[in-house]
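Undergrad: For reference, each letter of the sequence shown is one residue, going 6 to 504 in our numbering. We put the CB at the ideal spot given by N, CA and C, even for glycine. This one's a predicted model, so the numbers in the text were calculated from it and none came from an experiment.
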Amino acid sequence: MNRYDVIIIGSGLGSLLCGYILSKEGFKICILEKQAIPGGCLQSFSRGGNSFDTGIHYIGSMLPGQTLHSYWKYFGLSDALDLERMNEDCFDLVTLEGRDYKFAQGFDRFTASLAGQFPGSGEFLDRYVKALKETVSAFPLYNLELTDKMTKTTWMGTNAWDFMSEMAGPDPGNQKLLQVLSGNNFLYAGRKQTTPWHQYALINHSFISSSWRLRQGSTQITELLVAGIIANGGTLLTRNEVRKISSLKNKFQVETAAHENFVAGRVIAGIHPQRAISLLEPEMVKKSFRSRIVSMENTVSSFGLYLGLKPVSFPYLDHNLYYHCSHDVWTDSEKKAEDWPGMYFLYTPAAARQGEHSSAVCILSYMEFDEVKKWKNTSTGRRGRDYKAFKEEKALKLLELVERKFPGLRSYIETMEISTPLTWRDYTGAPEGSMYGIRKESGNYLRTMILPHTKIQGFYFTGQNLNMHGAPGVTIGAVMTCAEILGLEYLFNKIRDAG
Ligand SMILES: Cc1cc2nc3c(=O)[nH]c(=O)nc-3n(C[C@H](O)[C@H](O)[C@H](O)COP(=O)(O)OP(=O)(O)OC[C@H]3O[C@@H](n4cnc5c(N)ncnc54)[C@H](O)[C@@H]3O)c2cc1C
């Protein structure tokens, strides 16, 4: 029997951060991960000499004093990560109806740059940036403040689209700008009149503050956190899929696929809550809680191309590209069949930089699970020829669209890996391969919110479903989870002291 103070299920970013905090605080922790390699969405993979990130392509707010930098100092990440600052005049390029629009880093530069591209929009942009800042300042944890200041509720329950439309006013000149400001909505799987304004604001504020790529790939985050956990005396066991959680004399018994049992006084589930609930013995969970969790809707999944390219064939881009076909970017996540793909996100990994050129490019687009539903009972490598044909047909469609901007791309390809919603489902365990887990809905915000603690004493959630997805969201979520065990003030002071 393996006995621990805390068992953490899954080794995604949220789990690793919790493992780091609790092991540093002297808890005997064990992380159980079903895959052979830890990290979940932090993992990178290699093909043909290129390394590809899967779930973290860039991170925001990593200048000293900014949100993520301040938190990650505590975890030993801020000074250790090998970061490349993205183009300060254009970290995100949004292409809409054939025209390019640049997002610059730093709020003044961001406003000046877009005002130059949209003459007459200066006042709207000032209001927009002020609203971003005010919204973020209302979240104490994003500002490393320990107060009960979270009182501003004017935008709580408001969706990003309506909130911004009201700010833009009736001026027809601002309508296109509204679309451009939503052009990177792949970052939050944006849905018109659903995506909460504050979710939009927290994400955009972070990247406008400063944007960075990881030269050694996002796997460097995993490596540093795992090394810290091990140095603190913690345990990480890969190839250990948790299959069942039962109660055992005021403790939890956690059983893996290999029928090995682990016992702990506390369990943190760093996996999707719908999966976590299905692992608990039925009598441990109240029916109402189970049905609330099970009925929650998830964000859409994605389709990805990871291309290895011939030498000196493709430029290294020090910005991301969000390319949209339609004039309404908020409809892109729902495009299927004939209309697919409505958009794509393209970037060249920092690790692939070869002077002015890149040896690799990644292209992602939305894809609903329905598209691959007929293969839902298959497993990786055994999905059959028709699945392979499906993937190739979709890859061709996506490449044809990308070639409108980068003619000849197909002739540069040396290697091609393809991911679908099934890849994501089997790789992270997220239902239907959902990118960002449970969909936060402005009109239903409290119902779509997952808290770190549950009614099952000693059983907690962490990860992207909790607070928010993305590096800062998951980091603050992990702090919220560990604060349930350590006390928020105590933990918070430690984090602030480290900064
Ligand atoms: C396509 C894509 C692009 C993204 N791009 C960015 C970006 O550029 N910047 C950014 O900040 N964020 C980005 N994100 C979001 C970010 O990657 C995630 O929010 C974050 O990494 C999720 O971390 P998590 O802790 O929730 O765990 P996950 O990464 O979901 O990991 C969960 C882990 O649990 C394991 N697991 C599942 N079930 C079990 C079980 N029963 N037993 C044991 N282990 C189990 C899985 O194998 C996995 O390792 C992106 C996400 C996606 C999908």
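By alpha-carbon positions, which one of E171, L82, L322 and T200 ends up nearest to I226?
TA: That would be L82, whose Cα lies nearest to the Cα of I226.
Undergrad: State yes or no: is the C-beta of S447 within less than 8 Å of the C-beta of N164?
TA: The answer is yes: Cβ separation under 8 Å.
Undergrad: Check whether the Cβ atoms of R271 and I282 sit closer than 8 Å, and answer yes or no.
TA: Not in contact: R271 and I282 (Cβ atoms no closer than 8 Å).
Undergrad: Using DSSP bridges, identify the partner residues of N325.
TA: DSSP lists D97 as partners of N325.
Undergrad: I think C367 touches M348, with their Cβ atoms under 8 Å apart; what is that distance to the nearest whole Å?
TA: Not a contact, Cβ separation roughly 15 Å.
Undergrad: Quick one: residues in its chain with C-beta nearer than 8 Å to the C-beta of D131, no 5 flanking neighbours on either side, listed in chain order?
TA: Taken in chain order, the residues that qualify are T116.
Undergrad: Quick one: what's got a C-beta closer than 8 Å to E408's C-beta in the same chain, skipping five residues either side?
TA: Excluding residues within five positions, the ones whose Cβ falls inside 8 Å are L414 and R415.
Undergrad: How should S187 be labelled, buried or exposed, when 16 other C-beta atoms within 10 angstroms of its C-beta is the threshold for buried?
TA: Counting Cβ neighbours within 10 Å, S187 comes out buried, since at least 16 surround it.
Undergrad: Does the contact criterion of 3 or more C-beta pairs under 8 Å hold for the segment 14-29 versus the segment 40-58?
TA: Flag = yes, the segment 14-29 and the segment 40-58 touch.
Undergrad: Indicate, with yes or no, if ligand 1 has a heavy atom lying under 7 Å from the CB of C46.
TA: Yes, the Cβ of C46 comes within 7 Å of a heavy atom of ligand 1.
Undergrad: Could you check how far apart the C-beta atoms of G275 and C23 are, in whole angstroms? I think they sit under 8 Å.
TA: That belief holds up - the Cβ atoms of G275 and C23 are roughly 7 Å apart, short of 8 Å.
Undergrad: Determine, using beta carbons only, whether V259 and I250 come nearer to each other than 8 Å.
TA: Yes, Cβ-Cβ distance for V259 and I250 is below 8 Å.
Undergrad: Look at the alpha carbon of L351 and the alpha carbon of E286, and state the distance between them as a whole number of angstroms.
TA: Taking the straight line joining both Cα atoms gives about 43 Å.
Undergrad: Hey, which unbroken runs of the beta strand (DSSP E) at 3 residues or more fall wholly within the segment 12-80?
TA: If we require 3 residues or more, the beta strand (DSSP E) runs fully inside the segment 12-80 come out as 34-37, 49-52 and 55-58.
Undergrad: For the structure I just gave you, are there three or more beta carbon pairs, one from the segment 434-452 and one from the segment 466-481, closer than 8 Å?
TA: Verdict: yes, contact present.
Undergrad: Given this structure, state the Cα-to-Cα distance separating L149 from L403, to the nearest angstrom.
TA: Each residue's alpha carbon lies about 42 Å from the other.
Undergrad: Taking all protein chains shown into account, decide if D167 is buried (16 or more other Cβ within 10 angstroms of its Cβ) or exposed.
TA: Flag for D167 reads exposed.
Undergrad: By the 10 Å Cβ neighbour count, where 16 or more other Cβ atoms means buried, how is Y311 classified, buried or exposed?
TA: Burial call: buried.
Undergrad: Evaluate Y495 with the Cβ neighbour count: other Cβ atoms within 10 Å of its Cβ, from every protein chain shown; 16 or more gives buried, anything less gives exposed.
TA: Exposed, since its Cβ has fewer than 16 Cβ neighbours within 10 Å.
Undergrad: What does H362 pair with, by DSSP beta-bridge criteria?
TA: According to DSSP, which records beta bridges pairwise, H362 is partnered with P320 and Q359.
Undergrad: Taking 7 Å as the cut-off, is the C-beta of A194 nearer than that to any heavy atom in ligand 1?
TA: Result no, Cβ not under 7 Å from ligand 1.
Undergrad: Residues in the same chain with beta-carbon distance under 7 Å from A232, minus the five sequence neighbours each way, listed in chain order, please.
TA: Excluding residues within five positions, none has a Cβ falling inside 7 Å.
Undergrad: Count the C-beta pairs between the segment 52-59 and the segment 202-210 that are closer than 8 Å, then say yes if the count reaches three, no if not.
TA: Judged by Cβ distances under 8 Å, the segment 52-59 makes no contact with the segment 202-210, as fewer than three pairs qualify.
Undergrad: Is the separation between the beta-carbon of T467 and that of G174 shorter than 8 Å?
TA: No, the Cβ-Cβ distance between T467 and G174 is not below 8 Å.
Undergrad: Using the Cβ count rule (16 or more neighbours within 10 Å means buried), how would you classify N498?
TA: Under this definition N498 is an exposed residue.
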